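Each remark here refers to the structure printed beneath this line.
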Amino acid sequence: MASEQFPGWHGTTIIGVRKGGEVVIAGDGQVSLGQTVIKGTARKVRRLSPGGIDIVAGFAGSTADAFALLERLETKLEATPGQLQRACVELAKDWRTDKYLQKLEAMLIVTDGAELYVITGAGDVLEPEHDVTAIGSGGNYALAAARGMMESDRSAEQIARDAMAIAADICVYTNGNLTVETIAK
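Residue numbers for the sequence shown follow this note's numbering, beginning at 32 and rising by one.
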């Protein structure tokens with residue numbers, strides 16, 4: 032749903048944490064319209080298997096737009112099996128240059144268990160410097176919390192869960208109903 036039609040749509044916090052040979056992507060379940068929670072159990076983290084290769088993706092933004100991007104990412108992955116970075120760059124190129132795709136309002140975090148990327152509509156494919164990345168309305172809260180825990184004994188999943196709990200306590204557009212996917216290479 033385009034933001035022009037529904038200017039008050041808010042929601043989503045997605046975090047990706049890489050530590051100890053695994054990557055965890057976690058996302059909350061809240062979708063809000065203005066000051067009203069429309070849904071508290073949305074599933075914004077998905078496991079994809081294009082060409083038999085496991086990929087985990089989390090999205091923030093318009094759900095329909097995110098699904099359109101996930102479908103295109105799967106197509107790119109099928110065309111470049113085992114090359115997540117190349118598929119992400121090809122998707123970002125298309126997203127930046129295709130007039131239809133330019134109108135899509137979403138961001139993605141994707142991983143194959145080794146590589147971890149954020150893909151944006153500005154044509155960016157970003158790899159986090161500190162093995163943590165986050166997007167969405169509570170993304171900066173979750174990112175800061177996770178960065179503070181990276182030197183602890185916590186596992187990637189514990190860090191992601193604890194950071195999301197902190198974000199949910201601070202951001203009114205984030206709840207504690209998590210979808211968590213773990214993948215290792």
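All C-beta atoms in this analysis are idealised placements derived from N, C-alpha and C, irrespective of residue type, glycine included.
Predicted model only: the values in this text are computed from it and were never measured.
Distances from the CA of T205 to each of Q66, G52, R127 and V55 were compared; the closest alpha carbon is that of Q66. V163 is the residue among V163, T128 and Y172 whose C-alpha sits nearest the C-alpha of I56. In the DSSP annotation of this structure, the continuous segment of the alpha helix (DSSP H) that includes R127 starts and ends at L115 to T128.
By the Cβ criterion, the segment 142-160 is not in contact with the segment 70-78, since fewer than three pairs of Cβ atoms, one from each stretch, lie closer than 8 angstroms. For I214, the closest C-alpha among the options L101, G89 and D85 is that of D85.
Here E212 is near V87, since their CB atoms are less than 7 angstroms apart.
K107 counts as buried, since at least 16 other C-beta atoms from the protein chains shown sit within 10 angstroms of its C-beta. The DSSP assignment places 210-215 as complete runs of the beta strand (DSSP E) inside the segment 192-216, in order along the chain (cut-off: 3 residues). In the three-state DSSP reduction, K50 falls in the strand class (E or B). Annotation for G167: the continuous beta strand (DSSP E) segment containing it runs V163 to G167. Per the Cβ contact rule, the segment 137-145 is in contact with the segment 86-104 (3 or more Cβ pairs under 8 angstroms). A177 is positioned such that its CB atom lies closer than 7 angstroms to that of V48.
By the Cβ neighbour-count rule, T43 is buried, with 16 or more other Cβ atoms within 10 Å of its own. By the criterion of a C-beta distance shorter than 8 angstroms, R127 is surrounded in its chain by Q133, G152, A153 and G154, once the five residues flanking it on both sides are discounted.
When secondary structure is reduced to three states using DSSP, L135 falls in the coil class, being assigned neither helix nor strand. Residue state for K75 is assigned as coil, using DSSP reduced to three classes. In the DSSP annotation of this structure, the continuous segment of the alpha helix (DSSP H) that includes G179 starts and ends at G170 to M180.
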